Amino acid sequence: MKIWDAKYECMPREELEQLQLERLQATLNRVYKNVTFYRKIFDELEIVPENMQSLSGLVKLPFTSKENLRMNYPYGMFAVPLREVVRVHSSSGTTEKPVVVGYTRNDIKAWTNLVARVMTAAGVTRDDMVQITFSYGMYTGAFGFHYGAEAIGASVIPMGTGNTEKQIMIMQDYRTSALISTPTYAITLAERMERIGVDPKKLSLRVGLFGGEPLSEAMREEIESRLGITATDNYGLSEIIGPGVAGECEYRCGMHIFEDTFIPEIIDPKTGEQLSAGRVGELVLTTLKKEAFPMIRYRTGDMTSLEYGPCRCGRTMVRMNKTAGRSDDMLIIRGVNVFPSQIESVLAAIVGTAPHYQIVADRKGARDLLEVHFEAAEGTFFDEMKRQKAFLEMVEKRIRSVIGVSATVRLVAPNTIARHEGKAGIVIDRRKT
Ligand code: DLL
Numbered sequence: 001m002k003i004w005d006a007k008y009e010c011m012p013r014e015e016l017e018q019l020q021l022e023r024l025q026a027t028l029n030r031v032y033k034n035v036t037f038y039r040k041i042f043d044e045l046e047i048v049p050e051n052m053q054s055l056s057g058l059v060k061l062p063f064t065s066k067e068n069l070r071m072n073y074p075y076g077m078f079a080v081p082l083r084e085v086v087r088v089h090s091s092s093g094t095t096e097k098p099v100v101v102g103y104t105r106n107d108i109k110a111w112t113n114l115v116a117r118v119m120t121a122a123g124v125t126r127d128d129m130v131q132i133t134f135s136y137g138m139y140t141g142a143f144g145f146h147y148g149a150e151a152i153g154a155s156v157i158p159m160g161t162g163n164t165e166k167q168i169m170i171m172q173d174y175r176t177s178a179l180i181s182t183p184t185y186a187i188t189l190a191e192r193m194e195r196i197g198v199d200p201k202k203l204s205l206r207v208g209l210f211g212g213e214p215l216s217e218a219m220r221e222e223i224e225s226r227l228g229i230t231a232t233d234n235y236g237l238s239e240i241i242g243p244g245v246a247g248e249c250e251y252r253c254g255m256h257i258f259e260d261t262f263i264p265e266i267i268d269p270k271t272g273e274q275l276s277a278g279r280v281g282e283l284v285l286t287t288l289k290k291e292a293f294p295m296i297r298y299r300t301g302d303m304t305s306l307e308y309g310p311c312r313c314g315r316t317m318v319r320m321n322k323t324a325g326r327s328d329d330m331l332i333i334r335g336v337n338v339f340p341s342q343i344e345s346v347l348a349a350i351v352g353t354a355p356h357y358q359i360v361a362d363r364k365g366a367r368d369l370l371e372v373h374f375e376a377a378e379g380t381f382f383d384e385m386k387r388q389k390a391f392l393e394m395v396e397k398r399i400r401s402v403i404g405v406s407a408t409v410r411l412v413a414p415n416t417i418a419r420h421e422g423k424a425g426i427v428i429d430r431r432k433t
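By this note's numbering, the letter at position 333 of the sequence shown is numbered 333, and the numbering carries on one by one without gaps.
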């Protein structure tokens, strides 16, 4: 399969590290000169950008947190005057003020190139009709893929979110061959097709690029079998650039992080200590080329591990494994750390597919309560109380053995858990209110 930017994507590690060091030095100089926030902490910590003579010095640099970005809302972290900014975006934040990120003309060019890389790695070519179902708003998903697809020379159908039946009609009529969406929306599309009698196998769809939220293996299998496509997982976050930070190649054994543009590290989220390759911890990213919004050791909150071994595709870029939850959406139930992804994998293993589910944490007196609601498949022994009870007990037992605390499991009727076109509202923590 083609590699979009082989010079960088397949760069020998020694050469890559030299390039990273040069770009890191330039970035440190840029932020020291232009971003008060960084100048202040560098001065406090006596960090002199010119003294950064090897990549091992990275650990001496301070972290940047989402909280730091909030404190500098809206433009405090920008490293260029607004007149050089050609675009702003923000993260898919919910209630709080979203983080605002900016791009110069060069940033947009670099971003376009990165997304062209992940799309090429997933097998998209200039012959594809690419249907983008992310929101064309402040969210980085749609514009990122839009520009990347155009750079490849594919034809873009800029649908945006929603209008599921129209999406399906367009897919049929325009012969869409590549779908860009969140994994949950792909499942929503498959469900709707089934309901309205459209056979996905008769469409021209052949690949899907998913991202914005975790794509579990169970979800991947469900999407692939229901839509008859090959699905890849793609990771990114607006603070760093948007989609195009990392993506799977045809071997789908982890997402290649584009290390010529970002330096990844894994840290222990509690101590901040850097962890060795292969260990699971919080992903920290430093940007190497960003002009408008450079980030030094940004704490992504995403838990993962890195694989430095060679990949059969020929890319030398390190691979990140699927995220194992977030360091910050982790629930603490009766003193035990619980990741929603663990519960999802239990449910998926039991029912064979990724069900629609919701986790509800509540508190009665001083006792934490955990409930897991999940949708029964159409016709699942709702009428047979005894079987249902035994089934639920079995699910509860498995969940307990995986997460270490007990949860009450409830089956709910099909289509009763709200579907989200963007990120799924999987966890409801009532203890906070
Ligand atoms: O979701 C950027 C994006 C759009 C990536 C479309 C890929 C495709 P934010 O709104 O800033 O940006 O959210 C970033 O979403 O820190 C992760 O927690 C999560 N996330 C994104 N992609 C994945 C993925 C976009 N493939 C946050 N797997 C990140 C798991 C993901 N989590």
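From the three backbone atoms N, C-alpha and C, an ideal C-beta is built for every residue, glycine too.
As the structure is a prediction and not an experimental result, all values here were calculated from the model.
| Check | Outcome |
| --- | --- |
| Beta carbon of residue 187 nearer than 8 angstroms to that of residue 219 | yes |
| Test item: CB-CB of residue 286 and residue 24 under 8 angstroms | yes |
| Three-way DSSP call (helix, strand, coil) for residue 2 in this model | coil |
| Residue 44 versus 53, 55, 302, 32, residue with shortest Cα-Cα distance | 32 |
| Strand pairing of residue 147, partner residues [DSSP] | For residue 147, which the question treats as bridged, DSSP gives no partner whatsoever. |
| Residue 234: first and last residue of the uninterrupted alpha helix (DSSP H) it sits in | Segment 230 to 237 is the beta strand (DSSP E) holding residue 234; no alpha helix (DSSP H) there. |
| Proximity test, residue 158 beta-carbon vs ligand 1 heavy atom, cut-off 7 angstroms | no |
| Where residue 35 sits in the DSSP three-state scheme | coil |
| Residue 162, buried or exposed, once every other Cβ within 10 Å from all chains shown has been counted against 16 | exposed |
| Among 63, 41, 222, the one whose alpha carbon lies nearest that of residue 270 | 63 |
| Residue span of the beta strand (DSSP E) that contains residue 246, given as start and end | 242 to 248 |
| Through-space distance from residue 122 to residue 214, alpha-carbon basis | 17 angstroms |
| Any non-hydrogen atom of ligand 1 closer than 7 angstroms to residue 238 Cβ | yes |
| Alpha carbon of residue 101 to alpha carbon of residue 387, nearest angstrom | 52 angstroms |
| Any non-hydrogen atom of ligand 1 within 7 angstroms of residue 49 CB | no |
| Three-state secondary structure (DSSP) of residue 167 | helix |
| Residue 319 beta carbon near ligand 1 (any heavy atom closer than 7 angstroms) | no |
| Nearest neighbour of residue 210, chosen from 322, 3, 427 [CA to CA] | 322 |
| Nearest residue (CA-CA) to residue 116, options 18, 170, 68, 246 | 246 |
| Nearest-angstrom Cβ-Cβ length linking residue 130 and residue 149, presumed shorter than 8 angstroms | 4 angstroms |
| Short Cβ contact (8 angstroms threshold) for residue 207 with residue 230 | yes |
| Cβ neighbours of residue 28 in the same chain (closer than 7 angstroms, five flanking residues each side left out) | 49, 52 |
| Simplified DSSP state of residue 69, which is helix, strand or coil | helix |
| Length at least 4, wholly inside the segment 170 to 232: the alpha helix (DSSP H) runs in chain order | 183 to 196, 217 to 227 |
| Beta-carbon proximity list for residue 18, same chain, < 8 angstroms, skipping 5 on both sides | none |
| Length at least 4, wholly inside the segment 302 to 347: the alpha helix (DSSP H) runs in chain order | none |
| CB contact flag (residue 292, residue 145, <8 angstroms) | no |
| Same chain, Cβ closer than 6 angstroms to residue 74, neighbours up to 5 away in sequence not counted | 100 |
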